[in-house]
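Single-structure report; data block below.
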Amino acid sequence: IGEERDTIEDVIEPYLIQQGYLMRTPRGRIATANVYKHFGLHAPENHIEQKVSSPTQEQELFK
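Reading the sequence shown from the start, the letters are residues 1 to 63 in the working numbering.
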């Protein structure tokens with residue numbers, strides 16, 4: 001896309017995560033079901049998204 005790697009990691013990637021299009025996993029990054037929906041596609045049968053914890057769950061964890 002013509003951008004430096006640092007720009008992608010520092011600006012574009014966080015935006016995609018915030019919008020729900022990308023998730024970080026221990027094995028790397030994955031496209032979410034929102035990406036498939038955005039492009040009018042069906043997510044593959046084996047497409048697994050990890051459960052994203054809510055802020056409330058995170059607060060409970062760090063009490």
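In this text, a Cβ means the ideal position worked out from N, Cα and C, and glycines have one as well.
Buried or exposed for Thr32, please, with buried defined as at least 16 other CB atoms from any protein chain shown within 10 angstroms of its CB.
The count along the sequence shown starts at 1 and reaches residue 32 at position 32. Burial call: buried.
In the structure shown, what three-state DSSP assignment does Ile30 receive?
As a position in the sequence shown, residue 30 is number 30, starting the count at 1. DSSP places Ile30 in strand when its eight states are reduced to three.
In the DSSP assignment, find the unbroken beta strand (DSSP E) run with Leu22 in it and report its ends.
In the sequence shown, residue 22 corresponds to position 22, counting from 1. Note, Leu22: beta strand (DSSP E), 22-25.
I need the boundaries of the alpha helix (DSSP H) containing Ile17, first residue and last residue.
Sequence index remark: in the sequence shown, residue 17 carries index 17 (1-based). Its alpha helix (DSSP H) spans residues 13-18.
For Tyr21, collect the residues of the same chain with a Cβ closer than 8 Å to its Cβ; drop the 5 residues on either side in sequence, then sort them by chain order.
By one-based count along the sequence shown, residue 21 stands at place 21. These residues qualify, in order along the chain: Ala31, Thr32, Asn34, Val35, His38.
Beta-carbon within less than 6 Å of Met23's beta-carbon, same chain only, minus the 5 sequence neighbours each way: which residues are those?
The residue you call residue 23 lines up with position 23 of the sequence shown. If we look at Met23 and ignore the five residues flanking it on each side, its Cβ neighbours are Ile30, Thr32.
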